[in-house]
Amino acid sequence: MTAGAGPDVAARVVVDPAFRVGRVRPRLFGSFVEHLGRCVYGGIHDPGHPLADEDGFRTDVIDLVRELGVTMVRYPGGNFVSGYRWEDGIGPVEDRPRRLDLAWHSTEPNTVGLDEFMVWAAKAGVEPMMAINLGTRGVAEALDVLEYSNVAAGTALSELRRSNGADDPHGIRLWCLGNEMDGPWQTGHKTPEEYGRLAAATARAMRQLQPDLELVACGSSFPGMPTFGAWEHAVLRETYDLVDLVSAHIYFNEREVGLAAYLGSAVAMDGFIDSVVATIDAVRAELKSDRVLGISFDEWNVSRVRPESVPPSGDDWPVAPAILEDHYTVADAVVVGSLLISLLRHADRVHAAAQAQLVNVIAPIMTEPGAGTWKQTIFHPFAQAAALARGVVLRAAVESPTYPTQAYGDVPLVDATATWDEEAGEVTVFAVSRAQDEPLQLEVALRWAHVEVVSATTYWHADPTWQASADDDATVLPREAADVRVEGGVVRLDLPPISWNVVRLRVAGPS
Ligand code: AHR
Numbered sequence: 036m037t038a039g040a041g042p043d044v045a046a047r048v049v050v051d052p053a054f055r056v057g058r059v060r061p062r063l064f065g066s067f068v069e070h071l072g073r074c075v076y077g078g079i080h081d082p083g084h085p086l087a088d089e090d091g092f093r094t095d096v097i098d099l100v101r102e103l104g105v106t107m108v109r110y111p112g113g114n115f116v117s118g119y120r121w122e123d124g125i126g127p128v129e130d131r132p133r134r135l136d137l138a139w140h141s142t143e144p145n146t147v148g149l150d151e152f153m154v155w156a157a158k159a160g161v162e163p164m165m166a167i168n169l170g171t172r173g174v175a176e177a178l179d180v181l182e183y184s185n186v187a188a189g190t191a192l193s194e195l196r197r198s199n200g201a202d203d204p205h206g207i208r209l210w211c212l213g214n215e216m217d218g219p220w221q222t223g224h225k226t227p228e229e230y231g232r233l234a235a236a237t238a239r240a241m242r243q244l245q246p247d248l249e250l251v252a253c254g255s256s257f258p259g260m261p262t263f264g265a266w267e268h269a270v271l272r273e274t275y276d277l278v279d280l281v282s283a284h285i286y287f288n289e290r291e292v293g294l295a296a297y298l299g300s301a302v303a304m305d306g307f308i309d310s311v312v313a314t315i316d317a318v319r320a321e322l323k324s325d326r327v328l329g330i331s332f333d334e335w336n337v338s339r340v341r342p343e344s345v346p347p348s349g350d351d352w353p354v355a356p357a358i359l360e361d362h363y364t365v366a367d368a369v370v371v372g373s374l375l376i377s378l379l380r381h382a383d384r385v386h387a388a389a390q391a392q393l394v395n396v397i398a399p400i401m402t403e404p405g406a407g408t409w410k411q412t413i414f415h416p417f418a419q420a421a422a423l424a425r426g427v428v429l430r431a432a433v434e435s436p437t438y439p440t441q442a443y444g445d446v447p448l449v450d451a452t453a454t455w456d457e458e459a460g461e462v463t464v465f466a467v468s469r470a471q472d473e474p475l476q477l478e479v480a481l482r483w484a485h486v487e488v489v490s491a492t493t494y495w496h497a498d499p500t501w502q503a504s505a506d507d508d509a510t511v512l513p514r515e516a517a518d519v520r521v522e523g524g525v526v527r528l529d530l531p532p533i534s535w536n537v538v539r540l541r542v543a544g545p546s
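Just add 35 to the spot in the sequence shown (first one is 1) and you have our numbering.
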């Protein structure tokens, strides 16, 4: 599969401070907590656990969320939100109703709701991104949850919040106007015209209450939807001047395309983003608008579904069943790294992103009931990128041999991007190798007079199917890269097969 590749083949990346994509927005490193499976109950919240705090939140999970570097968390769904009544989750816990959650065929106990989530978000140090129900509900309920959350005092719902113990307003700025409303599986699924009108009316009313909100209109659930493109166009025709962002979602799965193409998933991610940008800009031209909208890539990840981890059915409506508890491989982590590269490369138009999800459900963090936590393989590229991508993203020019795939055409063997923190005088290069069998020599030419390596790590394993588990999540970790050479402004290193690599450099002087 590696046509033209061999031990001598060098891929080349040129990094020049003159060519900037955009600043690294902290919101690119968002995540997602949905009332789904064991993400909330038994995930972030587990009052009976020995490490739970006074509010029932697992402190070991909070520690890992901080270590992961998550900046923003989308809540409470996902498909769940389209049947959710937010007011079920406020007030005395013993008075809260139990409801059937149609999206995940589960029983929702409502032990955790808006106020608890905001307490957790403060403890985890993340910004909330709140989704509202535009499936079974509408403008009035959106205004209610906004008043409850953000009005300081003196109205029925702000006083209700205060009587529930949250004296200060929650100050939530970022709101998703529904979830995946293009999907026939969505409770309250709508045509683009129906959804566009509802989203516009909701946005207009919410802005009457608070003009400076940041609002996300639903884009397509994934680019393979038959309505992809037409959906965005019709929705944006209704909402363009009322929203700030349009959402994008995608999950990649090795089983669907085979390993070689799967490793090239970022090619599809790049194409998806470019198509949404093109549609946004087409509507902008049609409407002669000065506003340039961005993308909220608020669900992205790899998925490796296990048959024992699918939603319940029939008469079985359990509370917090183990659903979508995928176990990830080293190859999955490398693909996650490449998707982060794609998001960074589009930092000019992707203004927010959320890896789906955070704990237990297609997640980097896993909890064992009554026991400890463990890190999935996909934890590591996210944590490294969140910690080291700083300043501006530079338009890295990548020259690499390619290999053919049926799913995504010609895929470069090496992909890379770079960020430049001018104040700290540091450049970080993020690179993946998709070669399956042999190492590839990578040459990075940096347009600075002085270049010095601060650190270089590589994440790989001779067996790319290796998975972390509760018993062993440390056999494969990012390790110091061997033999990184610097000569003038050129850095050379060998990328192991199927690897994620991070090179941190100190740079100075004009090129
Ligand atoms: O993240 C899991 C589910 O995937 C979300 O609830 C939904 O929005 C998407 O289809």
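For glycine and all other residues, C-beta sits at the position ideal for the given N, C-alpha and C.
Just grab the DSSP bridge partners of residue i for me.
i, result
"Val337", "Phe287"
"Thr454", "Val428, Thr463"
"Pro447", "Thr437"
"Tyr494", "Trp535"
"Gln502", "Thr364"
"Lys225", "Per DSSP, none; premise fails for Lys225."
"Asp529", "Gln476"
"Val292", "For Val292, which the question treats as bridged, DSSP gives no partner whatsoever."
"Ala252", "Leu212, Val281"
Quick one: grab the DSSP three-state call for residue i.
i, result
"Arg196", "helix"
"His415", "helix"
"Arg308", "For the record, residue 308 in the displayed sequence is Ile; it is not Arg. Reduced to three states, the DSSP call for Ile308 is helix."
"Arg239", "helix"
"Leu423", "helix"
"Tyr183", "helix"
"Pro439", "strand"
"Leu328", "coil"
"Asp552", "Since the first and last residues shown for the chain are 36 and 546, residue 552 lies out of range."
"Leu359", "coil"
"Ser344", "helix"
"Thr402", "strand"
"Ala516", "coil"
"Arg469", "coil"
"Ala484", "coil"
Excluding five sequence neighbours on each side, which residues of the same chain lie with their C-beta closer than 6 Å to the C-beta of residue i?
i, result
"Val526", "Val479"
"Asn114", "Ala138"
"Ser256", "Glu215, Asp217, Gly218, His284"
"Ala159", "Ile97, Val100"
"Val538", "Val464, Ala491"
"Thr262", "Asp217"
"Pro227", "Trp266, Ala269, Val270"
"Asp90", "Val154"
Between the C-alpha atoms of residue i and residue j, what's the straight-line distance to the nearest angstrom?
i, j, result
"Gly200", "Phe152", "13 Å"
"Phe92", "Ala497", "38 Å"
"Glu515", "Arg60", "27 Å"
"Pro416", "Phe465", "9 Å"
"Asn145", "Trp352", "15 Å"
"Gln411", "Tyr76", "19 Å"
"Thr454", "Asp325", "29 Å"
"Asp202", "Ala157", "15 Å"
"Leu192", "Ser184", "8 Å"
"Trp210", "Thr237", "11 Å"
"Thr437", "Leu475", "13 Å"
"Asp361", "Val371", "14 Å"
"Val428", "Leu512", "25 Å"
"Gly126", "Val116", "19 Å"
"Gly329", "Asn168", "22 Å"
"Ala187", "Leu178", "14 Å"
"Glu182", "Arg109", "19 Å"
"Ser504", "Trp495", "16 Å"
"Val433", "Asn336", "24 Å"
"Ala398", "Asp456", "29 Å"
For residue i, which residues in the same chain have their Cβ closer than 8 Å to its Cβ, ignoring the five residues on either side in sequence?
i, result
"Gly112", "Glu69, His70, Leu71, Tyr119, Ala138, Ala166, Asn214"
"Val174", "Leu233, Ala236, Thr237, Ala240"
"Tyr275", "Val318, Arg319, Leu322, Ser324, Arg326, Leu328"
"Asn395", "Gly72, Arg73, Cys74, Gly77, Gly78, Ala357, Glu360, Met401, Thr402"
"Arg58", "Ala382, Gly426, Val427, Val428"
"Ile222", "First, the residue type needs correcting, since residue 222 is Thr and not Ile in the sequence shown. If we look at Thr222 and ignore the five residues flanking it on each side, its Cβ neighbours are Asn114, Ser117, Gly118, Leu137, Ala138, Gly170, Thr171."
Return the chain-ordered list of same chain residues with a C-beta closer than 7 Å to the C-beta of residue i, the five sequence neighbours on each side being excluded.
i, result
"Ala422", "Gly104"
"Val292", "Ala442"
"Gly231", "Ala269, Val270, Arg272, Glu273, Thr274"
Beta-carbon of residue i versus every beta-carbon of chain B: anything under 7 Å?
i, result
"Ser490", "Among the protein chains of the structure shown there is no chain B, as only one such chain exists."
Cβ-heavy atom distance between residue i and the ligand FAD below 6 Å?
i, result
"Ala391", "Only the ligand AHR can be found as ligands here, which leaves the ligand FAD out of the picture."
Ranges of the alpha helix (DSSP H) found wholly within the stretch 363 to 399, counting only runs of at least 4:
Runs found: 365 to 380.
In the stretch 56 to 97, which residue ranges form an unbroken beta strand (DSSP E) of at least 3 residues, counting only runs that do not cross its ends?
Fully enclosed beta strand (DSSP E) runs of 3 or longer: 65 to 67.
Counting only runs that start and end within the stretch 116 to 181, where is the alpha helix (DSSP H) found for 4 or more residues in a row?
When DSSP assignments are scanned along the stretch 116 to 181, the uninterrupted stretches of alpha helix (DSSP H) that are 4 or more residues long and fall wholly within it turn out to be 149 to 159.
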